[in-house]
Structure formats: C-alpha cells, structure tokens
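Protein chains in written order, with the working numbering: chain A, 156 to 267; chain Z, 809 to 948.
Positions of the beta carbon are idealized from the N, C-alpha and C atoms, including for glycine.
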C-alpha cells in the first residue's frame, strides 16, 4: 500500500480567496459607448484576472483586478470629462473649427 | 477600514455608502438620459458629441454610432440600430446579464453562469470580437 501523503501544516485550512471581480462587462460598456482606448485596456486586464486566478496566483489576480478597475473607471471618467467639455464648448460656441465644419456639413456619421 | 455611523445607529463601511450614492445617482440620471436620446435624434440634431477618434482619423471606433443606435432602439427600429452599431446592440443583453449576475447578486446563485460568460475565455472572445469589429467596420 502506498503511503498516504501527510498534508503539511497550513495546507489543510488553506482556502483560495474569493475571485476578484474582473470588471469585464463594465469595460465593455465603456468600449461600446465610446471611451477608447481605456475600455480595451480594461478588457485586456479582465482576461488576465481570470487567467491568474485559475492558475492559483491569487495575489497577482487581486493586483491585476485593481488595474482592470482603474482603467474601466478611467474610461468612464474620460467619457464624462469629454461630455462636460463638449457641452461647455458647444454652449459657448468655442468648438474647434474642424468640428464646427463637420457639424455644418451635417456629417452626423461622426457622432460616436 | 473607514466606517460611518448611520442615523439609526448602524455602522456602515464608507465605501459602501459611496457605492450606494453612485447607484442612486445613476438610477436618477438614467430616465433623463433615456428621454434625451428618445426625444432628440443624434443623426440630425447637432449637439450630440462627436467621436474624437473619428474626427481625427476619419475611421470609426468600436463605439461610433452608439448614440444613433440608442435612439433607434428607443424607437424600436432594430434594423437601424444594428446598422449604426451592431456591437453595442449585441452587447446589450450581455451587459444586462453581467449587471444582473454581479450587481444584483445573482452570480452567487448561478456561479456556473458567471464563470461561463465572464470567465477568462469569454473575456478573450469579447476582446477579439471588439478588435475584429473595429477593423471590420473600417474595411467593409
């Protein structure tokens, strides 16, 4: 009979931590609603979170999840900032000439 | 961990309060935004923001057309919506699924569903789809 492997102390009660959120769908919202290229960076980190977690590298997964969160929030922040700046420039008529021309030629295909 | 005392004497983690505040703000803002996108047409009204990427390069980004697609969806013109931005339209049910699983807590009841749709392989597939859509819409 082969010897039964004796678990080393600490191995028994070691439970993997909960998987951190990978922010996948949130970064897709950001990508599909505009805020390039931050949203895509968020998706790349989302891929990494799950790869690391399921190979048992929990600490790294946690760290990368933080980055996924950062870039996704950055995407939303950038979008919001652009919206605010756009509103101010549009209301005051201070939009760059190139953009005014696009609007005047009614090229609505340029709306994101 | 920073905590706050609520009026009824409970102790709540501050980050939870921030999260609740953000969710409340989003819920209040959502009908306003939906009304704007229903009432005004991004295809003809001038005040909808232009895409910086498209303005600079003339190429379409993965998000181009989302505003017109939302307007079309709100008027139940699904064909138009797909033509404006198929990625956004097709991503909507996926996004709602993610919201339901993660924010409404259903992920705990359906861990298999969460792992299948939001695990590493689906993340990779999503990334590829977005990049292919980006390249494809500028070629065809």
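Asked: Kindly give me the distance between the Cβ atoms of residue 223/A and residue 201/A, rounded to whole angstroms, as I take these residues to be in contact under 8 Å.; Found: 5 Å
Asked: Buried or exposed for residue 847/Z, please, with buried defined as at least 16 other CB atoms from any protein chain shown within 10 angstroms of its CB.; Found: exposed
Asked: Counting contacts by CB-CB distance shorter than 8 Å, is residue 906/Z in contact with chain A?; Found: yes
Asked: In this structure, how does DSSP classify residue 266/A when only helix, strand and coil are distinguished?; Found: strand
Asked: Please name the residue or residues paired with residue 858/Z in a DSSP beta bridge.; Found: 266/A
Asked: Beta-carbon of residue 825/Z versus every beta-carbon of chain A: anything under 8 Å?; Found: no
Asked: Assign residue 877/Z to buried or exposed, taking buried as 16 or more other Cβ atoms, counted over all protein chains shown, within 10 Å of its Cβ.; Found: buried
Asked: Should residue 901/Z go down as buried or exposed, given a rule of 16 or more other Cβ atoms within 10 Å for buried?; Found: exposed
Asked: Just to confirm the assignment, what range does the alpha helix (DSSP H) spanning residue 247/A have?; Found: 213-247
Asked: Residues of the region 874-905 of chain Z in Cβ contact with chain A at a cutoff of 8 Å, in chain order, please.; Found: 874, 875, 876, 893, 895, 896, 899, 902, 903, 905
Asked: With a CB to CB cut of under 7 Å and the five nearest residues on each side skipped, what residues in its chain are close to residue 197/A?; Found: 178, 182, 185, 223, 226, 227, 230
Asked: Can you pull the chain Z neighbours of residue 184/A, defined as C-beta to C-beta under 7 Å?; Found: 903
Asked: Any residues in the region 827-838 of chain Z with a beta carbon nearer than 7 Å to a beta carbon of chain A? Which ones, in chain order?; Found: none
Asked: Taking the alpha helix (DSSP H) that residue 868/Z belongs to, which residues open and close that run?; Found: No alpha helix (DSSP H) holds residue 868/Z; DSSP gives it neither H nor E.
Asked: In whole angstroms, what is the alpha-carbon distance linking residue 211/A and residue 170/A?; Found: 11 Å
Asked: On the three-state DSSP scale, how would you describe residue 823/Z?; Found: helix
Asked: Please tell me whether residue 241/A has its Cβ less than 8 Å away from any Cβ of chain Z.; Found: yes
Asked: Measure the alpha-carbon distance for residue 266/A versus residue 220/A and round it to whole angstroms.; Found: 32 Å
Asked: Residue 923/Z by DSSP, collapsed to three states: which one?; Found: helix
Asked: Count the other CB atoms, across all protein chains shown, that sit within 10 Å of the CB of residue 256/A; report buried if there are 16 or more and exposed otherwise.; Found: exposed
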